[in-house]
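Sequential numbering from 4 applies to the sequence shown in our numbering. All residues carry an ideal CB built from backbone N, CA and C; glycine is no exception. This one's a predicted model, so the numbers in the text were calculated from it and none came from an experiment.
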Amino acid sequence: MTSNNPFDQTRTLLVSLYMTLVGYGVLVGIPVISTAWVTLLGFSEVEVGRVAGADLGGLSAGAVLAAILIAQMNRRVLIVLGLTIAVAANLLCLYFVDYSTVLWLRLLAGLGSGIYTATAVAALGARSNPALAYNLMLFAFAFSQALEMQVLPLLSMNGIYLTFVICFLVTLPFLGWMPTRANAPSEKSVEDKNAAPFQNTPVAAYLPWLGLAAIVVTYVNIGAYWTYIELAALAAEITPEWINQVLVWASFCSIVGCLFATLLSDRFGLGRPLMITLIMMSLIVGMLAFGITDTKLLVSVFTFNLLWIFIDVYQMSTVASVDRSGRFAALMPGAQGLGQIIGPNLAASLLGAELGYFAVFLMCSLAAVLGMLIYGVLYFALSRSEQQATIKI
């Protein structure tokens with residue numbers, strides 16, 4: 004049976020997946036990029052946290068802007084707008100290398116990337132099977148992350164910026180593969196949308212927002228850990244070659260994480276696996292607060308990559324489950340980006356207060372615990388609602 008949904012086309016899926024990989028490129032490659040800012044531009048560890056927070060925070064702001072505009076604007080125009088801003092900001096970074104200017108340029112680059120990425124994520128969420136699309140996206144991340152960890156350390160700072168510019172521009176020939184707008188809902192579908200997913204469930208109206216809040220908190224941990232893990236390892240006198248190999252090979256744990264997350268959710272639902280995963284995440288990031296050795300770095304980074312994908316699969320699936328309309332899909336990059344404003348900046352403040360990496364990784368651990376508690380509230384509310392019959396929790 005042929006789908007009337009324009010977002011179900013294979014070519015739309017392909018261009019959307021490519022765009023998410025490019026749009027999340029800084030997020031995925033931030034350990035290497037952070038080290039490059041220190042070694043190639045001379046930024047301090049505190050300044051790196053501010054710049055990373057600005058870049059990833061811009062992603063959040065751009066995603067929110069896209070979520071506001073996407074219903075009214077041609078999606079191809081949004082993509083061009085986003086990539087134009089991102090390309091211009093990255094090109095300007097070739098010429099301006101002082102901290103203050105780079106800080107604002109990375110915020111601008113993140114803003115453009117957020118518009119671009121949110122449009123792609125919304126296209127995945129608009130498919131008839133969004134959960135499958137998100138799983139494919141996270142599966143592809145494992146390969147893009149491994150590639151970035153291998154290639155970016157070989158490049159100069161300008162080479163890193165130019166790589167992002169080229170990847171954004173590659174989108175233009177395939178712009179026609181993205182539908183301009185979603186189909187207007189029929190009168191019947193409008194009636195159904197008004198009745199679901201929150202019909203007769205007074206608590207359900209805020210469940211998607213609660214899910215987004217949990218994403219923010221869990222990304223405080225992810226953003227701080229992933230921004231500073233390489234710098235923390237270097238400060239602990241771990242050899243750069245060992246760090247690079249750990250980061251590259253740990254990327255492939257994401258593949259295993261994505262596969263296992265899908266299998267476990269099919270059998271056990273979303274709630275229990277996610278809660279256990281966040282407890283484990285808290286432990287493996289917290290272990291680095293008490294010192295980093297070669298073995299602890301290996302265990303922590305490998306497990307982090309495994310659990311990171313677990314968490315994203317469950318988080319995206321949870322939001323999709325409590326918001327069947329897909330209205331919140333474009334806000335998920337915004338929630339992730341907001342967490343990554345707070346995480347690196349909070350870590351930078353702790354380092355600026357000379358509390359060291361002990362405080363940074365302890366903060367990461369506590370953020371994972373807080374995320375678990377928010378999900379506990381969400382699943383408790385969901386279990387008491389009439390949506391329990393339609394969502395496997």
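Excluding sequence positions up to five away, which residues of its chain have a Cβ less than 7 Å from the Cβ of residue i?
| i | result |
| --- | --- |
| residue 282 | 375 |
| residue 14 | 180 |
| residue 95 | 108 |
| residue 439 | With the chain represented from 4 up to 396, any question about residue 439 goes unanswered, as that position is not in the structure. |
| residue 31 | 144, 147, 148 and 151 |
| residue 163 | 36, 39 and 155 |
| residue 1 | Nothing can be reported for residue 1, as the shown portion of the chain is limited to 4 through 396. |
| residue 140 | 20, 23 and 127 |
| residue 245 | 297 |
| residue 373 | 220 |
| residue 102 | 46 and 50 |
Identify which residue in the options has its Cα closest to the Cα of residue i.
| i | options | result |
| --- | --- | --- |
| residue 183 | 10, 383, 377 and 361 | 10 |
| residue 334 | 56, 71 and 40 | 71 |
| residue 169 | 357, 40 and 28 | 28 |
| residue 88 | 73, 62, 47 and 76 | 62 |
| residue 108 | 352, 39 and 93 | 93 |
| residue 119 | 79, 103 and 138 | 79 |
| residue 303 | 111, 276, 249 and 171 | 249 |
| residue 52 | 229, 308 and 379 | 229 |
| residue 279 | 378, 359, 245 and 300 | 378 |
| residue 384 | 38, 22 and 213 | 213 |
| residue 46 | 74, 106 and 75 | 106 |
| residue 381 | 362, 286, 216 and 139 | 216 |
| residue 171 | 76, 85, 306 and 241 | 85 |
| residue 224 | 346, 24, 231 and 110 | 346 |
| residue 50 | 100, 138 and 291 | 100 |
| residue 360 | 247, 239 and 276 | 239 |
| residue 336 | 314, 308 and 122 | 122 |
| residue 90 | 315, 114, 371 and 139 | 114 |
| residue 310 | 288, 301 and 284 | 284 |
| residue 3 | 22, 104 and 97 | Nothing about residue 3 can be read from this structure; the chain reaches only from 4 to 396. |
| residue 313 | 277, 242, 166 and 104 | 277 |
| residue 227 | 12, 165 and 33 | 33 |
| residue 243 | 157, 275, 306 and 288 | 157 |
| residue 112 | 137, 167, 81 and 315 | 167 |
From the DSSP output, in three-state form, read off residue i for me.
| i | result |
| --- | --- |
| residue 109 | helix |
| residue 97 | coil |
| residue 216 | helix |
| residue 15 | helix |
| residue 195 | At residue 195 the pLDDT is 43, less than 50, meaning the model places this residue with poor confidence; the figure from the coordinates comes in the next sentence. Looking at residue 195 - three-state DSSP - the assignment turns out to be helix. |
| residue 43 | coil |
| residue 36 | helix |
| residue 22 | helix |
| residue 82 | helix |
| residue 233 | helix |
| residue 293 | helix |
| residue 204 | Note on residue 204: pLDDT 42, under 50, position unreliable in the model; no value is reported. |
| residue 182 | coil |
| residue 130 | coil |
| residue 75 | coil |
| residue 2 | Residue 2 is absent from the structure shown; the chain starts at 4 and stops at 396. |
| residue 241 | coil |
| residue 8 | coil |
| residue 87 | helix |
| residue 356 | coil |
| residue 173 | coil |
| residue 159 | coil |
By Cβ distance below 8 Å, which residues in the same chain neighbour residue i in space, the five residues on each side in sequence not counted?
| i | result |
| --- | --- |
| residue 193 | Because the pLDDT of residue 193 is 41, which lies under 50, any placement of that residue in the model is unreliable, and the question is left without a value. |
| residue 43 | 159 and 160 |
| residue 286 | 368 |
| residue 41 | 47, 48, 51 and 234 |
| residue 117 | 26, 61, 62, 63, 64, 65, 66, 67, 68, 69, 85, 336, 337 and 340 |
| residue 8 | 129, 130, 131 and 186 |
Grab me the residues of residue i's own chain with a C-beta within less than 6 Å of its C-beta, minus the 5 sequence neighbours each way, in chain order.
| i | result |
| --- | --- |
| residue 219 | 338, 341 and 342 |
| residue 222 | 339, 342 and 343 |
| residue 354 | 48 and 49 |
| residue 362 | 353 |
| residue 371 | 224, 281, 284 and 285 |
| residue 77 | 183 |
| residue 12 | none |
Does any residue of chain D have a CB that is nearer than 7 Å to the CB of residue i?
| i | result |
| --- | --- |
| residue 116 | Protein chains in the displayed structure number just one, and chain D is not present. |
Taking contact to mean at least 3 C-beta pairs separated by less than 8 Å, is the region 232-240 in contact with the region 286-298?
yes
The region 312-320 contacting the region 130-139, beta-carbon criterion three pairs below 8 Å
Result yes; three or more Cβ-Cβ pairs closer than 8 Å.
Tell me whether the region 247-256 and the region 144-155 touch, counting them as touching only if at least three CB pairs, one residue from each stretch, are closer than 8 Å.
yes
Taking 8 Å as the cut-off, does the region 56-67 touch the region 10-25 (at least 3 CB pairs, one atom from each stretch)?
no
Does the region 159-178 come close enough to the region 50-59 that 3 or more CB-CB pairs lie under 8 Å?
By the Cβ test, the region 50-59 is not in contact with the region 159-178, since fewer than three Cβ pairs between them sit closer than 8 Å.
Segment contact, 8 Å Cβ cut-off, at least three pairs: the region 366-382 with the region 339-357
yes
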